[in-house]
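Asker: A single structure is presented below for examination.
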Amino acid sequence: MEKQYAGKTIQVNEEGYLKNFSEWTPEVGEEIAKENNITLGARHWDVLKYLQGEFKAELPISIRKIGKSNVVDIKEFYALFPQGPLKTASKIAGIPKPASCL
Amino acid sequence: MSEYNGEIKKMMIILSKATLENVYAAFVLANGARMEGIEAEIFFTFFGLEAVHKKKLEHLHVATVGNPAMHMPTMLGGLPGMEALATSMMKKEMERIDMPDVHEFLDILTASGVKLWACKLAMDMFHYKKEDLYEGVDDVITVGDFYKQGSVLGTHMLFV
């Protein structure tokens, strides 16, 4: 599938996750966030940058790790991204859907 | 009338046992619901109360007797120390897959907005007081109260 974000044509899968992280830009992130009814603030960006860092380092991402990340606690994570926080945040960050059950 | 598309909106999980495998099943299901944007509540009843009893929740065991999936003869499973051995083996495996212990898991659940309810009848039966319970337990309620909590379109109830 293709979608238009920030004036660019971006490859996404059927659930809306970017296929290539290299196509992600902060503007693309802003527009995906808007689609999910989220207006990104400084705290959102802290979390998104953390997730992208973990992804680039090829580390598994889970809610438990996020809680221990010193970037955000679980309560705030849910407040920032209310509907399915890890999935939504991953989508906005341009990284694949997390595969963990935890 | 709006059409209901079958979407799961809320998971109401009843935990009636305190064997480690059942407690984890309930917790993983509740956490998994929240991660999908689905509401989740757990009702702790009968032995399930031990999973939120301050003095007991750190000492839950795997059942080695009456559990065919343990692949262990029942007689052997009943020997002293067997449950402790199986439990420590299971805990090691859980740590390996990044599974939190019971107390940390409760912290994750409450931070994620999962409501935790203790069954009033079982509390009375075991002579437990609210102060005996994990501080994140929302309240001690009746079955009727629990059903009321689940009176929303798209609610599913699960007995573990």
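Each protein sequence line maps, in turn, to chains A and B. Residues in the first sequence are numbered consecutively from 1, following the numbering used here. Residues in the second sequence are numbered consecutively from 1001, following the numbering used here. Glycine is no exception: its CB is placed at the ideal position from the N, C-alpha and C atoms. Since we're looking at a predicted model, the values are computed, not measured.
Give me the DSSP bridge partner(s) of M1157 of chain B.
Answerer: B:M1012
Asker: Could you tell me which of B:V1114, B:K1115, B:L1133, B:G1113 sits nearest to A1122 of chain B, measuring between CA atoms?
Answerer: B:L1133
Asker: Report the neighbours of I1108 of chain B on chain A: residues whose CB is nearer than 7 Å to its CB, in chain order.
Answerer: I63, R64, G67, I74
Asker: Using a Cβ cut-off of 8 Å (strictly closer), state whether L86 of chain A contacts chain C.
Answerer: Absent here is chain C; the protein component of the structure consists of chains A and B.
Asker: Decide if the stretch 1124-1142 of chain B is in contact with the stretch 87-98 of chain A; the criterion is three or more beta carbon pairs, one per stretch, under 8 Å apart.
Answerer: Flag = no, the stretch 1124-1142 of chain B and the stretch 87-98 of chain A do not touch.
Asker: How far does the beta strand (DSSP E) with I1042 of chain B in it extend, from its first residue to its last?
Answerer: 1039-1044
Asker: What first and last residue would you give for the alpha helix (DSSP H) that runs through V1028 of chain B?
Answerer: Following the DSSP letters along the chain, one finds V1028 of chain B inside the alpha helix (DSSP H) bounded by residues 1020-1035.
Asker: Y17 of chain A CB to nearest chain B CB: under 8 Å?
Answerer: no
Asker: Please list the terminal residues of the continuous beta strand (DSSP E) segment that includes A1111 of chain B.
Answerer: It is not in any beta strand (DSSP E) - A1111 of chain B instead sits in the alpha helix (DSSP H) that spans 1102-1111.
Asker: For V1102 of chain B versus L1049 of chain B, is the C-beta distance shorter than 8 Å?
Answerer: no
Asker: Which residues mark the beginning and the end of the alpha helix (DSSP H) in which A6 of chain A is found?
Answerer: That residue, A6 of chain A, is in no alpha helix (DSSP H); it is neither H nor E in DSSP.
Asker: Here's the rule I'm using: 16 or more other beta-carbon atoms within 10 Å means buried, otherwise exposed. How should G1081 of chain B be labelled?
Answerer: exposed
Asker: Comparing the C-beta of A1111 of chain B with each C-beta of chain A, is any distance below 8 Å?
Answerer: yes
Asker: Mind listing the chain B neighbours of Y78 of chain A? Cutoff is C-beta to C-beta under 9 Å, in chain order.
Answerer: Near Y78 of chain A (Cβ distances below 9 Å), the residues of chain B are R1034, A1111, S1112, G1113.
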